[in-house]
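**Student:**
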Amino acid sequence: DTAVSQTPKYLVTQMGNDKSIKCEQNLGHDTMYWYKQDSKKFLKIMFSYNNKELIINETVPNRFSPKSPDKAHLNLHINSLELGDSAVYFCASSQDPGAGYTFGSGTRLTVV
Amino acid sequence: GQQVMQIPQYQHVQEGEDFTTYCNSSTTLSNIQWYKQRPGGHPVFLIQLVKSGEVKKQKRLTFQFGEAKKNSSLHITATQTTDVGTYFCAGVQGGKLIFGQGTELSVKP
Chain A
313 DTAVSQTPKY LVTQMGNDKS IKCEQNLGHD TMYWYKQDSK KFLKIMFSYN NKELIINETV
373 PNRFSPKSPD KAHLNLHINS LELGDSAVYF CASSQDPGAG YTFGSGTRLT VV
Chain U
-17 GQQVMQIPQY QHVQEGEDFT TYCNSSTTLS NIQWYKQRPG GHPVFLIQLV KSGEVKKQKR
43 LTFQFGEAKK NSSLHITATQ TTDVGTYFCA GVQGGKLIFG QGTELSVKP
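So the protein sequences, as listed, match chains A and U. Taking the numbering used here, the leading residue of the first sequence gets 313, the next gets one more, and so forth. Taking the numbering used here, the leading residue of the second sequence gets -17, the next gets one more, and so forth.
#1: I'd like to know if LYS364 of chain A contacts chain U, where contact means its C-beta is closer than 8 Å to some C-beta of that chain.
#2: Spatial neighbours of PHE47 of chain U within its chain, please: CB distance less than 6 Å, with the 5 preceding and 5 following residues excluded, ordered by chain position.
#3: Of all the options U:VAL(-14), U:ASP0, U:TYR(-8), U:GLY(-2), which has the alpha carbon lying nearest to the alpha carbon of THR9 of chain U?
#4: Candidates U:LEU79, U:PHE1, U:LYS52, U:GLY(-2): which alpha carbon is nearest PHE27 of chain U's?
#5: Going by DSSP, what residue range makes up the beta strand (DSSP E) through ALA404 of chain A?
#6: Mind checking if THR414 of chain A is an interface residue toward chain U, Cβ cutoff 8 Å exclusive?
#7: So that I know if they touch, is there some Cβ in chain U lying closer than 8 Å to that of LEU339 of chain A?
#8: Quick check: what's the CA-CA separation for PHE81 of chain U versus ALA72 of chain U?
#9: Measuring only between beta-carbons, confirm whether GLN30 of chain U sits less than 8 Å from chain A.
#10: By Cβ distance below 7 Å, which residues in the same chain neighbour ILE368 of chain A in space, the five residues on each side in sequence not counted?
#11: Tell me the DSSP bridge mates of ARG420 of chain A?
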């Protein structure tokens, strides 16, 4: 059983398209996150949800919109994709922000 | 805002040599976490340190948290090829886990 699963694993799309990445966790954790990892491997937090409620919204373009239908799911929708959006996007969850995070396997997004 | 600096950025060692990565924060941390990311993989939680001056060991890995809770280190004794990957430290501030830039370790057999 995968603890944090995200789909798709790879996503290649053209500039201007809209795409979604889905994430689900079966750990019973209350908090879920989206992180972006750039080509230099720097991990930057984008959003955090606690029990379906948005608690962290970093300086991210409003083309990125997270949605949490329930506390086990956190999806990421991206409008009008740009070349600079190419990166690996990781979903993660934790019981609380101070505890260890469990990461999904990542979605490699390539915008061409 | 909080910054977590990590050095070195890269480290190449011969198998059997020791390896250390250092982490420094601009502010006092409530705790420090360490993660390992294998090439092509995702970050995997290794350990969390909470107390000032805390030292924890996991087999060949030794983790330290500084007395002022602003710095930390990870030391690997007698590296093996399975140790290859990027090691990240991370500290919590304002409910956010802030990652260092990571140290990429390569091990030559």
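We treat Cβ as the ideally placed atom computed from N, Cα and C, and that holds for glycine.
**Tutor:** The structure says:
#1: Position 52 of the first sequence, counting from 1, holds the residue named residue 364 of chain A. No, no contact with chain U.
#2: Translated into positions along the second sequence, residue 47 of chain U becomes position 65. Closer than 6 Å at Cβ, skipping near neighbours: ILE14, LEU31, GLU36, SER54.
#3: Working through the second sequence from its first residue, we reach residue 9 of chain U at position 27. For the residues U:VAL(-14), U:ASP0, U:TYR(-8), U:GLY(-2), the minimum Cα distance to THR9 of chain U belongs to U:VAL(-14).
#4: Looking up residue 27 of chain U in the second sequence gives position 45. Ranked by Cα distance from PHE27 of chain U, the options U:LEU79, U:PHE1, U:LYS52, U:GLY(-2) are led by U:LEU79.
#5: Counting from one through the first sequence, the residue named residue 404 of chain A turns up at place 92. Here the beta strand (DSSP E) through ALA404 of chain A covers 399 to 406.
#6: Within the first sequence, numbered from 1, the residue matching residue 414 of chain A stands at position 102. Interface residue, yes.
#7: For the purposes of this step, residue 339 of chain A is taken as the residue at position 27 of the first sequence. No, its Cβ sits nowhere closer than 8 Å to a Cβ of chain U.
#8: Indexing the second sequence from 1 puts residue 81 of chain U at position 99. Indexing the second sequence from 1 puts residue 72 of chain U at position 90. Straight-line Cα distance between these residues: approximately 4 Å.
#9: Walking along the second sequence from the start, residue 30 of chain U turns up at place 48. At least one chain A Cβ lies under 8 Å of GLN30 of chain U.
#10: Residue numbering aside, residue 368 of chain A sits at position 56 when the first sequence is read from its first letter. Closer than 7 Å at the Cβ level, and outside the excluded window around ILE368 of chain A, lie ILE357, PHE359, SER360.
#11: Counting from 1 along the first sequence, the entry for residue 420 of chain A is found at position 108. Per DSSP, A:TYR322, A:VAL400.
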